[in-house]
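Residue numbers are given in the numbering used here: position 110 of the sequence shown equals residue 94, and the series is strictly consecutive. See structure below.
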Amino acid sequence: MTWLQKLAAIEALEDAPLDAALVADFERTAVEARATGREIRFSTPTFKAYSSCELEGCGKNSFPAFSVTAAGCALMCDHCQAKILEPMLPATSPEMLERKVRELVATQDLQGFLLSGGSNRRNEIRYERYYPVIERLKRDYPALKVAIHSALLDAPRARSMADAGVDTAMMDVIGAQETIEQVYHLARPVADFEATLEALCSTSMEVVPHIVIGLHYGRILGEPAALDVVSRHRVHSLVLVVIMPFYAKPGTFATPETSGIGRIFMEARSRISDQQVLLGCARPPGMHRRVTDAYAVMAGLDGIAFPADGAVAVAEAIGRPAAQQHACCSMKAGRTIKLHPRAAVAA
Ligand code: SF4
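Written as structure tokens, this is what we have:
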């Protein structure tokens, strides 16, 4: 039975507009690469605090996000308009961050936190004055995980971030100059994104770049070039997310076609074959999400945050072993539960 025939039996994908040629390509590629035995992890953080173009949804109290600029951002990118910052906890001074983290350690099951914020006009975020606080917090609570949304930076600034004790650095990699200029309103070359990735990868931090599929107003444009950039560096893992037109001005962004998204998944898997490639929680809802997630499973991605209905069944149908994890997909803390280990020996 072909994969397409197997998918026909999955209730959640009834009436799904699947691309038969793409599904056949997934099947052929997986068989050729003998990749169906690769485990997939379904991440379900304790509850969804927010979905965003750049960050994974995490348990609000166990892994909160702080913004060092509160709701302020000088770039006001077309796809975000600083909306990503709204649900974050404001930490506009190092004292605010320290007070709130210590309070959450004392009262909640705090596993760590993400430090983020709005950018300046050069897509930089100045975190330096927060580093003494991070050092103190890491000294007092060594198990605390600290992630940072780095934005653009140079090698000395990457080193001081690592020296402060930051565990994970995340950044968006953009592969098209038009997207940087038009969507981000930013006058910097693609090379600056690669230089940032290189600087981060030369430290001891885990580096988790993100690529936003459809960032150019819903079109696929710079994604292959962004995959090229990522494939040249020793990243810890790559997170793919799909643009959410919801965050943009009405009518400015199209919803990317699921077939185009699936082809990017396949390209990501073949170019970044040794590291983990994960589908982050931001992607359009409904049937679009079910199809996207089915493609992610068939393309051989290593993990999906908040899988849509049908994703587990697709893994089972094509013989991929699956595990469920109660944690943010890029922080990997928390419990892992095997879903159907028997599938490891199937197909
Ligand atoms: S720089 Fe970041 S926070 Fe500011 S608008 Fe762009 S994506 Fe949103």
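We treat Cβ as the ideally placed atom computed from N, Cα and C, and that holds for glycine.
What I want to know is whether the C-beta of residue i ends up closer than 7 Å to one or more non-hydrogen atoms of the ligand SF4.
i      : result
GLN65  : yes
CYS185 : no
SER215 : no
LEU98  : no
GLY202 : no
LEU136 : no
MET60  : yes
LEU69  : yes
Among residues of its own chain, excluding the 5 on either side of residue i, which ones have a beta-carbon nearer than 7 Å to its beta-carbon?
i      : result
CYS37  : Caution applies to CYS37, whose pLDDT of 29 falls short of 50 and renders its modelled position unreliable; the value that the coordinates give is listed next. For CYS37, where only same-chain residues beyond five positions count, the Cβ hits under 7 Å are HIS63, CYS64, ILE68, VAL196, VAL225, ILE227, MET228, TYR231, ALA266.
GLU178 : VAL213
GLU245 : The sequence given here places Ile at residue 245; Glu does not occur at that position. Excluding sequence neighbours, ILE245 sits near ILE197, VAL226, THR276, TYR279.
Determine, using beta carbons only, whether residue i and residue j come nearer to each other than 8 Å.
i       : j      : result
LEU(-9) : VAL7   : yes
ASP138  : ALA175 : no
PRO78   : VAL117 : yes
PHE26   : ALA278 : no
MET155  : PRO193 : yes
VAL157  : ALA210 : yes
THR20   : VAL52  : no
SER292  : ARG273 : Looking at the sequence itself, residue 292 is Ala, so the reference to Ser does not match. The answer is yes: Cβ separation under 8 Å.
GLY202  : ALA160 : no
ILE164  : ILE204 : no
VAL223  : GLN259 : no
ILE24   : ARG304 : yes
Return the chain-ordered list of same chain residues with a C-beta closer than 6 Å to the C-beta of residue i, the five sequence neighbours on each side being excluded.
i        : result
LYS122   : GLY149
LEU(-12) : ALA4, VAL7
PRO1     : none
GLY101   : SER51, VAL52, THR53, ILE109
SER144   : none
What residues in its chain sit with their C-beta under 8 Å from that of residue i, if we drop five residues either side in the sequence?
i      : result
ASP151 : GLY96, LYS129, VAL130, ALA131, MET189, GLU190
ARG106 : LEU136, LEU170, ARG172
Between which two residues does the beta strand (DSSP E) carrying residue i extend?
i      : result
ALA307 : 306 to 309
GLU332 : In the structure as shown, the chain starts at -15 and stops at 331, and residue 332 therefore has no counterpart that could be examined.
ILE302 : Run containing ILE302: none in the beta strand (DSSP E); it sits in the alpha helix (DSSP H), 295 to 302.
LEU136 : Careful: LEU136 lies outside any beta strand (DSSP E) and carries neither H nor E.
ARG22  : Looking at the DSSP string, ARG22 is not in any beta strand (DSSP E), and its letter there is neither H nor E.
LEU222 : 221 to 226
Checking contacts by CB at 8 Å: is residue i closer than that to chain D?
i      : result
VAL298 : Protein chains in the displayed structure number just one, and chain D is not present.
Let's see if you can read the secondary structure: which residues bound the alpha helix (DSSP H) around residue i?
i      : result
ILE339 : As displayed, the chain neither begins before -15 nor continues past 331, which places residue 339 out of reach and without an answer.
ALA14  : 4 to 16
**Report entry** Sequence ranges, alpha helix (DSSP H) only - wholly within the region 140 to 186, length at least 4
**Finding:** 161 to 166, 174 to 185, all fully within the region 140 to 186.
Query raised in the report: Which runs of the alpha helix (DSSP H) fall wholly inside the region 77 to 127 and span at least 4 residues, in chain order?
Result: DSSP runs (the alpha helix (DSSP H)) wholly in the region 77 to 127: 78 to 91, 115 to 124.
Query raised in the report: What beta strand (DSSP E) runs, 3 residues minimum, are completely inside the region 248 to 289?
Result: Those beta strand (DSSP E) runs which fall completely within the region 248 to 289 and span 3+ residues are 260 to 263, 287 to 289.
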